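Heads up: the structure comes next, in structure tokens.
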Amino acid sequence: MNFPLGLLASAGSQKLSLFQIWQLATAEAQIIIIVLAVFSIFAWSTMAAKALQMRRAKKLNHHFEIEFRRQKAVLEIFERKLGVEGCPLFSVYEDGCSELDIRTKNPDGTRKSEISIKSMEHIKRSMEGAVAREALKLESGLILLAIAVSGGPFLGLLGTVWGVMDTFGGVAVKQKADLAAMAPGVSAALITTVAGLLVAIPSMFGYNWLVHTMRVLTVELDNFAQSLASRMETEFLRDE
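Take a look at the structure:
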């Protein structure tokens, strides 16, 4: 690696700036840093979007659960034809009530007062499918953060190893191994590791927080589905 003489001279008298280190970095290291910068943009965008999505889901779930508990009959909200987009609890409720509506409707439009255990099992499976679908929606996009957490340090390490290898190659050509000749190249090589960690560390904290929030919401969905099934059984299940 051939270092600019001006930069080498300044390295001996004062600390290198980030811009000078960037100039000293190899083309490969610069490409890796650019890739890591793109990773960082995607990671922060994903964290912001998922945080907003989960915050909205928690808020809507809270309001819907309050409204649901006020209803005397399990199908009251469903029969009002309401739509609450982005609310996981409502999606589970809507799927369960749609299946219940199908199994309690008579051909003449009237509603049965009772359903069988077999019909109730179908309704429960429909709600379980809705819970799984909503959990997948909450989880979507987290793979980008997982890639940033696991891949960022390795990309940074690749750039560092490449830069150090290039620095030692230059020393071998010059046959001169002193600190003034090696320090700038090693500093430029280490910047890729720093860049990788700057991508991975925020992504790790964001990923762990989002996974925890997602698990809490998934447990709430499971609990709501069980509570909804219990109310349906109380109102419609035929004793056999």
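Residues in the sequence shown are numbered consecutively from 8, following my numbering.
Virtual Cβ for every residue (Gly too), placed ideally from N, Cα, C.
It should be emphasised that the depicted structure is a prediction, and the values quoted were computed from it without experimental measurement.
Can you give me the C-alpha to C-alpha distance between Gly-203 and Gly-159, rounded to a whole angstrom?
Against the sequence shown, residue 203 aligns to sequence position 196. Against the sequence shown, residue 159 aligns to sequence position 152. C-alpha separation (whole angstroms): 4 angstroms.
Considering only heavy atoms of the ligand SAM, does any lie closer than 8 angstroms to the CB of Ala-36?
Within the structure as shown, the ligand SAM is missing, as the structure has no ligands at all.
So, do the region 201-215 and the region 61-74 have three or more beta carbon pairs nearer to each other than 8 angstroms?
Result no; under three Cβ-Cβ pairs closer than 8 angstroms.
Grouping DSSP H, G and I as helix and E and B as strand, with all else coil, what is Glu-240?
In the sequence shown, the residue the question calls residue 240 occupies position 233. Helix.
Does the Cβ-Cβ distance between Met-54 and Gly-213 come in under 9 angstroms?
Indexing the sequence shown from 1 puts residue 54 at position 47. Indexing the sequence shown from 1 puts residue 213 at position 206. It is a contact, given that the beta carbons lie within the stated cut-off.
Using DSSP with H/G/I as helix, E/B as strand and the rest coil, what is Arg-118?
On the sequence shown, position 111 is the one that residue 118 refers to. The answer is strand: DSSP assigns Arg-118 an E or B state.
Any idea what DSSP makes of Lys-112, helix, strand or coil?
Residue 112 sits at position 105 when you count from the first residue of the sequence shown. Here Lys-112 sits in strand by DSSP.
What's the gap between the Cα of Leu-82 and the Cα of Ala-155?
Locating residue 82 in the sequence shown gives position 75, where the first residue counts as 1. Locating residue 155 in the sequence shown gives position 148, where the first residue counts as 1. Those two C-alpha atoms are separated by around 45 angstroms.
How about Met-221 and Leu-149: do their beta carbons lie closer than 9 angstroms?
Your numbering for residue 221 matches position 214 in the sequence shown. Your numbering for residue 149 matches position 142 in the sequence shown. Cβ atoms of Met-221 and Leu-149: closer than 9 angstroms.
Quick one: what does DSSP say Arg-87 is sitting in, helix, strand or coil?
Your numbering for residue 87 matches position 80 in the sequence shown. Here Arg-87 sits in coil by DSSP.
Check this for me: beta carbons of Lys-131 and Ala-232, under 9 angstroms apart or not?
Position 124 of the sequence shown, counting from 1, holds the residue named residue 131. Position 225 of the sequence shown, counting from 1, holds the residue named residue 232. Result yes, Cβ atoms of Lys-131 and Ala-232 sit closer than 9 angstroms.
Apart from the five residues on each side of it in sequence, which residues of its chain come closer than 8 angstroms, Cβ to Cβ, to Ala-64?
Counting from one through the sequence shown, the residue named residue 64 turns up at place 57. Hits under 8 angstroms: Gly-93, Cys-94, Pro-95, Leu-145, Leu-224.
Select from Asn-215, Ser-133, Asn-230 the residue whose C-alpha is nearest the C-alpha of Ala-58.
Translated into positions along the sequence shown, residue 58 becomes position 51. Checked all of Asn-215, Ser-133, Asn-230; the closest Cα to Ala-58 is Asn-215.
Once the 5 residues before and after Arg-110 are set aside, which same chain residues still bring their CB inside 6 angstroms of it?
Translated into positions along the sequence shown, residue 110 becomes position 103. For Arg-110, where only same-chain residues beyond five positions count, the Cβ hits under 6 angstroms are Ile-122, Ser-126.
Take Gly-163 and list the residues in its own chain whose beta-carbon comes closer than 6 angstroms to its own, dropping the five residues that flank it on each side.
Locating residue 163 in the sequence shown gives position 156, counting from the first residue. Hits under 6 angstroms: Thr-199, Thr-200, Ala-202, Gly-203.
Quick check on Ala-207: does DSSP put it in helix, strand or coil?
Taking the sequence shown and counting its residues from 1, the one referred to as residue 207 is at position 200. Of the three classes helix, strand and coil, the one that applies to Ala-207 here is helix, per DSSP.
How about Ile-124 and Leu-244: do their beta carbons lie closer than 9 angstroms?
On the sequence shown, residue 124 is found 117 positions in, with the first residue counted as 1. On the sequence shown, residue 244 is found 237 positions in, with the first residue counted as 1. Against a cut-off of 9 angstroms, the Cβ pair of Leu-244 and Ile-124 comes out as a contact.
What is the C-beta distance between Val-138 and Val-91, in whole angstroms, given that I count them as a contact (C-beta under 8 angstroms)?
Within the sequence shown, the letter at position 131 stands for residue 138. Within the sequence shown, the letter at position 84 stands for residue 91. Rounded, the Cβ-Cβ distance is 16 angstroms, inconsistent with contact.
Give the range of the alpha helix (DSSP H) segment to which Ser-47 is assigned.
The residue you call residue 47 lines up with position 40 of the sequence shown. That run of the alpha helix (DSSP H) goes 34-77.
State the Cα-Cα distance for the pair Leu-165 and Glu-141, rounded to the nearest angstrom.
Counting from 1 along the sequence shown, the entry for residue 165 is found at position 158. Counting from 1 along the sequence shown, the entry for residue 141 is found at position 134. Distance between the alpha carbons of Leu-165 and Glu-141 is about 38 angstroms.
If contacts are defined as beta-carbon pairs under 8 angstroms, then Leu-197 and Thr-167 qualify, I think. What distance do you get, rounded to the angstrom?
Counting from one through the sequence shown, the residue named residue 197 turns up at place 190. Counting from one through the sequence shown, the residue named residue 167 turns up at place 160. Sure, about 6 angstroms apart at Cβ, within 8 angstroms.
Run through DSSP, which three-state label would Ser-147 get?
Counted from its first residue, the sequence shown places residue 147 at position 140. Residue state, collapsed to three classes: coil.
Rank Glu-135, Glu-106, Thr-241, Leu-151 by C-alpha distance to the C-alpha of Ala-56 and give the top, closest one.
Locating residue 56 in the sequence shown gives position 49, where the first residue counts as 1. The option with the nearest alpha carbon to Ala-56 is Leu-151.
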